């Protein structure tokens with residue numbers, strides 16, 4: 002077997018891109034050894050915005066390009082790595098690479114979740130794979146696990162903590178008693194959150210990843226607009242205290258579950274997770290995905306969900322896979338959706354127990370009115386609490402929380418609308434799922 | 002791409018073998034869909050000892066054979082699955098299959114740990130892969146993870162709970178306060194332990210798996226005779242109580258670690274694991290392996306370490322991999338050692354803090370004598386304890402335990418020999434490692 006190098010065209014030399022360059026430098030011999038001397042990977046061209054910028058990795062000037070067309074077209078580039086993020090230029094680059102029959106490695110969850118249908122169609126048309134281990138859960142090999150190791154499993158469910166930023170914030174709110182805004186500021190100061198942390202805290206980063214996992218497991222493309230996503234912006238210390246007292250931990254949870262009729266439940270929201278469950282122990286910026294397959298049973302995959310080196314680890318694994326397929330001229334080993342369509346369970350039809358917090362104006366009759374509305378809807382109450390302050394003035398604003406028995410989420414939503422219309426209720430009620438894992 | 006079936010020759014129709022037949026029946030369409038319709042797997046021939054025996058899976062009589070030569074030679078057999086266990090017939094079957102250039106899938110850790118050198122040489126010679134995901138940690142895809150997902154990582158360490166039987170026994174001793182023998186009997190009654198549980202409780206089942214993991218990560222064959230293995234037969238309730246009081250859990254731990262000079266530490270023994278570490282939460286028959294790679298960082302892979310369906314899940318994943326390599330005529334994708342030799346760190350040169358239990362005859366001066374021997378060796382004591390029974394007769398037999406600071410294990414062993422020779426010491430001291438994870 003010959004061992005000339007394979008050339009990598011690296012679009013993006015930010016945190017992860019630099020990590021890829023460093024990992025390839027550091028472990029090039031190891032990779033060559035482990036592939037029986039058949040694979041050497043070399044960075045051939047790198048797309049940057051400003052070639053003059055000082056960077057943590059030094060690359061000869063002639064390897065830097067500013068036009069992605071030059072990168073993709075370069076004959077020295079055999080594999081294209083897309084790490085620029087976003088869904089516009091990144092889409093162009095990935096499309097062009099596939100059309101040039103150059104395998105693609107990407108860590109771009111938003112791109113694949115939003116425009117995967119088009120890209121996977123190109124991948125099929127040009128028989129050229131897209132690899133995306135780095136797009137979900139950083140250094141955790143969850144893509145390969147679901148796609149290859151569990152290929153003989155019907156996947157019953159995948160429940161995961163797949164956004165490290167929000168997990169860090171929730172942990173600091175729990176252990177440090179911080180308000181959301183203070184915990185977010187701390188995460189930003191530590192470099193755990195982006196300058197614009199919107200996608201992290203509003204749940205959409207996790208949702209993009211969950212959409213990719215669901216597409217892998219169930220084989221059909223998923224319309225992002227149909228996915229129920231709630232973030233952690235509304236989590237308050239009182240919620241955390243209440244969860245703690247009841248033996249739960251608050252986590253931003255992505256839940257993917259196949260129902261017996263084949264419909265797929267897919268939602269992301271703050272959830273109460275029982276302290277005894279292993280997911281409750283996933284702290285800080287770590288990620289974990291609990292996968293339940295019909296044969297493998299319960300499994301959990303845990304690790305660093307972001308960061309330079311862990312994400313680079315996944316990119317490098319994909320590069321080796323892409324290189325193997327080029328070297329051995331094997332067929333397509335990336336992922337392709339294998340069903341044209343499937344059914345997403347409307348969030349209204351999902352069921353869990355819930356925790357609901359109401360912002361109320363305290364006066365006699367408040368609890369009775371809320372409880373009456375729940376009773377009229379047939380929703381059982383398993384507990385209720387409002388802060389006891391004997392010296393509290395009449396008509397003070399207080400938080401009142403209810404724990405509700407399992408019910409259809411749609412029924413709960415309707416009932417909460419009725420309750421929100423009561424004149425003692427000051428804002429939209431906040432709902433957390435109590436997950437049975 | 003054509004999709005004629007690939008024929009499986011299944012050697013062994015016990016628990017796991019039946020699970021493979023059932024999984025292939027249940028999810029054949031799913032596997033075909035997920036491989037783009039290119040792969041259908043069919044059981045062509047099955048090796049059994051007694052064709053007349055009633056089994057949980059029904060197979061037509063013409064598929065059953067009693068001579069493994071017939072199985073391997075059958076032209077309808079494209080891939081050979083070895084699930085008969087042992088290292089004699091299994092060796093013959095695997096060797097013959099490789100020589101016939103039929104890819105092998107096996108779950109036989111003892112075979113590969115004891116005779117891997119010969120078999121991997123054949124695998125290389127005949128360019129025919131051996132797949133063995135099912136040999137380590139049942140349904141957890143740890144082999145593929147180390148071999149492929151972490152291919153760009155230098156593996157710093159792999160620490161695991163990889164024997165479910167002993168983990169169940171230790172858990173029952175902890176939560177139920179049982180003696181070892183009672184917990185073992187319970188495990189046997191529940192079907193978690195073999196009729197002959199020797200390899201499970203003496204640590205060798207875990208050691209075989211650890212040897213395979215180390216070979217994967219470091220690329221050289223390992224002499225089983227050079228591996229330090231201690232089992233759980235000597236664990237007593239007093240040890241568990243002591244560990245609990247200090248904030249530890251007792252686990253049978255396999256430790257694989259690369260030192261800066263490249264030497265590999267590899268040992269299996271009962272260990273104290275800090276309760277806060279995620280491995281401490283791995284209970285019952287579950288397995289987990291914590292992997293630390295230079296790029297991926299800390300990761301953990303958790304799941305069912307044994308049993309019909311989980312192990313079958315891994316066999317099926319390997320079958321698909323083997324089928325792909327046949328379908329696409331790709332090169333070797335199994336594992337091959339990539340270094341002729343490497344250095345195993347002698348256990349004498351490994352270092353941890355330790356817990357040591359002495360069976361002593363209580364009389365004035367005992368603690369002083371033991372403490373003196375430790376002091377003479379320069380081994381620090383961080384704590385000591387002996388049960389306080391004010392009404393205890395003189396010269397009673399008691400357990401005395403010492404917690405020792407980190408020291409060379411060789412020094413500890415020599416010192417314990419000196420102590421064992423004291424006339425107040427009644428039997429060989431029992432040592433547990435206190436692991437820094």
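Chains as they are written, first to last, in the numbering used here: chain A, 2 to 438; chain B, 2 to 438.
Idealized CB from N, CA, C, for every residue including glycine.
Values in this document were obtained by computation on a predicted structure and should not be read as measured data.
Query, Result
"Identity of the residues DSSP links to residue 258/A by a beta bridge", "158/A, 266/A"
"Burial state of residue 138/A, where buried means 16 or more other Cβ atoms lie within 10 Å", "buried"
"Against chain A: residues of the region 203 to 233 of chain B by CB proximity under 7 angstroms", "220"
"Inter-residue Cα distance where the pair is residue 312/B and residue 343/A", "30 angstroms"
"Validate contact between the region 56 to 73 of chain A and the region 348 to 355 of chain A using beta carbons, cut 8 angstroms, 3 pairs", "no"
"Segment limits, beta strand (DSSP E) that includes residue 300/B", "298 to 305"
"Cβ-based neighbour list, residue 17/A, same chain, cut-off 8 angstroms, excluding 5 preceding and 5 following", "84, 108, 135, 309, 312, 313, 316"
"Collapsed DSSP secondary structure at residue 125/B in the structure displayed", "helix"
"Residue 47/B versus 257/B, 142/B, 56/B, 64/B, residue with shortest Cα-Cα distance", "64/B"
"Sub-8 angstroms separation of residue 252/B and residue 162/B beta-carbons", "yes"
"When 226/B, 150/B, 29/B, 15/B are compared against residue 321/B, the one with the closest alpha-carbon", "29/B"
"Cutoff 7 angstroms; reference residue 399/B; Cβ partners in own chain excluding five residues on either side", "361, 363, 387, 388"
"Proximal residues to residue 408/A (C-beta, below 6 angstroms), its chain only, five neighbours per side dropped", "380"
"Cβ contact check for the region 253 to 272 of chain A and the region 219 to 235 of chain A: 3 or more pairs under 8 angstroms", "yes"
"Length-filtered (4 minimum) alpha helix (DSSP H) runs lying within the region 330 to 401 of chain B", "367 to 378"
"Sufficient close CB pairs (3 or more, under 8 angstroms) joining the region 296 to 308 of chain B to the region 79 to 93 of chain B", "no"
"For residue 18/A, three-class secondary structure by DSSP", "helix"
"Under the three-state DSSP convention, the category residue 209/A falls into", "helix"
"Residue from 11/A, 22/A, 20/A whose Cα sits closest to the Cα of residue 78/A", "11/A"
"Residues bridged to residue 433/A (per DSSP)", "356/A"
"Buried versus exposed, by CB contacts within 10 Å (16 or more), residue 260/B", "exposed"
"Residues of its chain near residue 21/B, where Cβ-Cβ distance is below 7 angstroms and the 5 sequence neighbours each way are ignored", "11, 82, 313, 316, 317"
"Local Cβ density within 10 Å of residue 2/A, reported as buried at 16 or more and exposed below that", "Note that residue 2/A has pLDDT 44, beneath the 50 cutoff, so the model's placement of it is unreliable and no number is given."
"The region 165 to 173 of chain B / the region 281 to 294 of chain B touching (three or more Cβ pairs under 8 angstroms)", "yes"
"Boundaries (first-last residue) of the alpha helix (DSSP H) holding residue 166/A", "165 to 176"
"Amino acids of chain B, ordered along the chain, whose beta-carbon sits closer than 9 angstroms to that of residue 441/A", "Residue 441/A falls outside the range modelled here, since chain A spans only 2 to 438, and no answer is possible."
"8 angstroms Cβ cutoff, residue 303/A in contact with chain B", "yes"
"Backbone secondary structure at residue 311/B - three-state DSSP", "helix"
"is_contact[residue 65/A, chain B] using C-beta, thresh 8 angstroms", "no"
"Status (buried if at least 16 other CB within 10 Å, exposed otherwise) for residue 102/A", "exposed"
"Between the CA atoms of residue 406/B and residue 435/B - distance to the nearest angstrom", "9 angstroms"
"Endpoints, the beta strand (DSSP E) within which residue 6/A is located", "6 to 12"
"Test: residue 285/A CB closer than 8 angstroms to a CB of chain B", "no"
"Residue of 258/A, 203/A, 56/A minimising C-alpha distance to residue 217/A", "258/A"
"Contact residues within the region 303 to 317 of chain B, judged by C-beta distance below 7 angstroms to chain A", "303, 304, 305, 310, 311, 313, 314, 317"
"Proximal chain A residues relative to residue 145/B, where beta-carbon distance stays under 9 angstroms", "142, 145, 146, 149, 150"
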